[in-house]
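Written out below as structure tokens is the structure these notes cover.
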Amino acid sequence: MAQISRSAHPPHSGGLRLIVNGEQGVYEAVTDLTDLVLALGLDPRKVAIELNLAIVPRSLYGDTAPRDGDRIEIVHFIGGG
Amino acid sequence: MDGSLPVDDDTWTVAGRTFRSRLIVGTGKYKDYAVNAAAAEAAGAEMVTVALRRVNLSDPSQPMLADYVKPDRFTYLPNTAGCFTGEEAVRTLRLAREAGGWDLVKLEVLSRDKTLYPDMEETLRALKLLFVEGFQVMVYCSDDPVYARKLEDAGAAAIMPLGSLIGSGLGIQNRLNIHLIVEAAKVPVVVDAGVGTASDAAVAMELGCDAVLMNTAIAEARDPIRMARAMKHAVIAGREAFLAGRMPRRMYADASSPMSGLI
Chain A
1 MAQISRSAHP PHSGGLRLIV NGEQGVYEAV TDLTDLVLAL GLDPRKVAIE
51 LNLAIVPRSL YGDTAPRDGD RIEIVHFIGG G
Chain B
1001 MDGSLPVDDD TWTVAGRTFR SRLIVGTGKY KDYAVNAAAA EAAGAEMVTV
1051 ALRRVNLSDP SQPMLADYVK PDRFTYLPNT AGCFTGEEAV RTLRLAREAG
1101 GWDLVKLEVL SRDKTLYPDM EETLRALKLL FVEGFQVMVY CSDDPVYARK
1151 LEDAGAAAIM PLGSLIGSGL GIQNRLNIHL IVEAAKVPVV VDAGVGTASD
1201 AAVAMELGCD AVLMNTAIAE ARDPIRMARA MKHAVIAGRE AFLAGRMPRR
1251 MYADASSPMS GLI
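Chains as they are written, first to last, in our numbering: chain A, 1 to 81; chain B, 1001 to 1263.
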């Protein structure tokens, strides 16, 4: 399981600095989007991901390596009218 | 028609998908997803609207809509609630298409004021952007027959005029306009927003709409599941009345009992 540290001022480390859903975080041992989704405790089948404003198809999560500073949105369906 | 279960054969089709239920329900404002799912079942709905939002990173274990209102039971109709421009709507629905794997969507581009009235200029622009991307777009709109035609010309899969303001429960404020839209449209017309109680839904169907979409009328009823059932019956009743063809309106009385043979 990847290590996650989220805070306004993440400690400096060798981890990956990502902005996920507007929150800065440092992610250890995350090499691709599957790692990231699982590290966040989410089910990859129930979310959609945007990486720097581009949709990433679910089939490519395992082949997509986020880079330092990337902005990622992870969304799902909720109740609405 | 022999009178035996006529409604079962009475289907409607939007963007190539055929439905028996003419009641589309929202999934917002419910006490919890369990009540929501029970209400959708009681309504006999086959299609539900859903919103797309960021997952809650601080509590990934919170209940998920899809675990209750299951996408294999209900056709999800992702909306663009919260989008105020065409670009925002396109971005949201691209994500929805990836999350759900389908392209049937509900476009709503609202004004940023207390009416939440559809911004029709921006709605039409957003529709054109979505159409180019291959979406099948059901469009929430004002009850303006001219804009309804423009939406249809721009490729809308369904026209969804308001009965009255979102969440207002004030029923259908302009029956004439809804009638004019129904009369002119070649795509399905769905009254979306404004239904407050069962008779409002029946009126929409009596006007010849193909379906009714509602959320608050069920979610905010004291007993949502019972109201969902009431709405199901109202939609069926209104549809049947429309198909049956109502009697003409008369200014004066016309006695039902014959005057001949009086003692």
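Every residue, glycine too, gets a C-beta built ideally from N, C-alpha and C.
Computed from a predicted structure; not experimentally measured.
Backbone secondary structure at residue i - three-state DSSP
i	result
residue 1350 of chain B	Past the edges of chain B, shown from 1001 to 1263, lies residue 1350 of chain B, and the structure says nothing about it.
residue 56 of chain A	strand
residue 1050 of chain B	strand
residue 1077 of chain B	strand
residue 1248 of chain B	coil
residue 1106 of chain B	strand
residue 29 of chain A	coil
residue 1192 of chain B	strand
residue 1023 of chain B	strand
residue 1086 of chain B	helix
residue 1145 of chain B	helix
residue 1259 of chain B	coil
residue 1238 of chain B	helix
residue 1181 of chain B	helix
residue 1030 of chain B	coil
residue 1122 of chain B	helix
residue 1 of chain A	Any reading at residue 1 of chain A must be qualified, since the residue scores a pLDDT of 48, below 50, and its modelled position is unreliable; the value itself is stated next. DSSP places residue 1 of chain A in coil when its eight states are reduced to three.
residue 1117 of chain B	coil
residue 1166 of chain B	coil
residue 1231 of chain B	helix
residue 1220 of chain B	coil
residue 18 of chain A	strand
residue 1137 of chain B	strand
residue 1129 of chain B	helix
residue 1001 of chain B	Here residue 1001 of chain B scores only 46 on pLDDT, less than 50, and its place in the model should not be relied on; the value that follows carries that caveat. Coil at residue 1001 of chain B, not helix or strand.
Environment of residue i [buried if 16+ CB atoms lie within 10 Å]
i	result
residue 1255 of chain B	exposed
residue 1 of chain A	Here the model assigns residue 1 of chain A a pLDDT of 48, short of 50, so the residue's position is not dependable and the matter cannot be decided.
residue 1119 of chain B	buried
residue 1261 of chain B	exposed
residue 1264 of chain B	One cannot answer for residue 1264 of chain B here, as it falls past the ends of chain B, which runs 1001 to 1263.
residue 57 of chain A	exposed
residue 1043 of chain B	buried
residue 1108 of chain B	buried
residue 1106 of chain B	buried
residue 1259 of chain B	exposed
residue 1203 of chain B	buried
residue 1252 of chain B	exposed
residue 1164 of chain B	buried
residue 1122 of chain B	buried
residue 1239 of chain B	buried
Spatial neighbours of residue i in its chain, beta-carbon cut-off 7 Å, leaving aside the 5 residues before and after
i	result
residue 51 of chain A	64, 66, 70 and 72
residue 1220 of chain B	1029
residue 1210 of chain B	1012, 1022, 1188, 1189 and 1190
residue 1197 of chain B	1217
residue 1230 of chain B	1198
residue 1181 of chain B	1143, 1145, 1148, 1159, 1161 and 1189
residue 77 of chain A	none
residue 1065 of chain B	1027, 1033 and 1050
residue 1222 of chain B	none
Cut-off 6 Å between Cβ atoms - residues of its own chain near residue i, not counting five sequence neighbours on either side
i	result
residue 20 of chain A	72
residue 1001 of chain B	The predicted position of residue 1001 of chain B is uncertain, since its pLDDT is 46 and thus under 50; no value can be drawn from it.
residue 36 of chain A	30
residue 1063 of chain B	1033
residue 1158 of chain B	1014, 1138, 1187, 1188 and 1190
residue 1201 of chain B	1195, 1212, 1231, 1234 and 1235
Cβ separation of residue i and residue j, assumed to be a contact under 8 Å, to the nearest whole Å
i	j	result
residue 942 of chain B	residue 1021 of chain B	For chain B, the structure presents residues 1001 to 1263; residue 942 of chain B sits outside this window and is missing.
residue 47 of chain A	residue 1099 of chain B	7 Å
residue 1038 of chain B	residue 1218 of chain B	Not really, about 11 Å apart at Cβ, beyond 8 Å.
residue 61 of chain A	residue 16 of chain A	Not confirmed; about 15 Å, so no contact.
residue 1194 of chain B	residue 1170 of chain B	6 Å
residue 49 of chain A	residue 74 of chain A	5 Å
residue 1079 of chain B	residue 80 of chain A	5 Å
residue 1117 of chain B	residue 1110 of chain B	7 Å
residue 1130 of chain B	residue 1090 of chain B	6 Å
residue 1050 of chain B	residue 1077 of chain B	7 Å
residue 1060 of chain B	residue 38 of chain A	Actually they are not in contact, since the Cβ atoms of residue 1060 of chain B and residue 38 of chain A sit about 10 Å apart, beyond 8 Å.
residue 1048 of chain B	residue 1027 of chain B	5 Å
Beta-carbon proximity list for residue i, same chain, < 8 Å, skipping 5 on both sides
i	result
residue 31 of chain A	65
residue 1246 of chain B	1206
residue 1150 of chain B	1124
Which residues of the segment 41-56 of chain A have a Cβ closer than 7 Å to any Cβ of chain D? Give them in chain order. Going by chain labels, chain D is absent from the structure shown, which instead holds the protein chains A and B.
Cβ-based contacts, 8 Å cut-off: residues of the segment 1045-1066 of chain B near chain A: Within the segment 1045-1066 of chain B, the qualifying residues are 1049, 1050, 1051, 1052, 1053, 1054, 1055, 1057, 1060, 1061, 1064, 1065 and 1066.
Anything in the segment 1027-1038 of chain B with a Cβ closer than 9 Å to a Cβ of chain A? List those residues in chain order, please. Cβ contacts with chain A come from 1027, 1028, 1029, 1030, 1033 and 1036.
Quick one: which residues of the segment 69-80 of chain A get their C-beta closer than 7 Å to a C-beta of chain B? List them in chain order. Taking a C-beta cut-off of 7 Å against chain B, the contacting residues of the segment 69-80 of chain A are 73, 74, 75, 76, 77, 78, 79 and 80, listed in chain order.
Using Cβ-Cβ distances below 9 Å, what residues of the segment 14-41 of chain A are close to chain B? Close to chain B, meaning a Cβ-Cβ distance shorter than 9 Å, are the following residues of the segment 14-41 of chain A: 20, 21, 22, 23, 25, 40 and 41.
Please name the residues in the segment 1072-1095 of chain B whose beta-carbon is closer than 8 Å to at least one beta-carbon of chain A, in chain order. Listed by position, the residues of the segment 1072-1095 of chain B near chain A (Cβ gap below 8 Å) are 1076, 1078, 1079, 1081, 1091, 1094 and 1095.
Taking a Cβ distance cut-off of 8 Å, strictly less, list which residues of the segment 1098-1111 of chain B are near chain A, in chain order. Look at the segment 1098-1111 of chain B: the residues with a C-beta under 8 Å from a C-beta of chain A are 1098, 1099 and 1100.
When you check each C-beta in the segment 1195-1219 of chain B against every C-beta of chain A, which residues fall closer than 9 Å? Those would be 1213, 1214, 1215, 1216 and 1219, in chain order.
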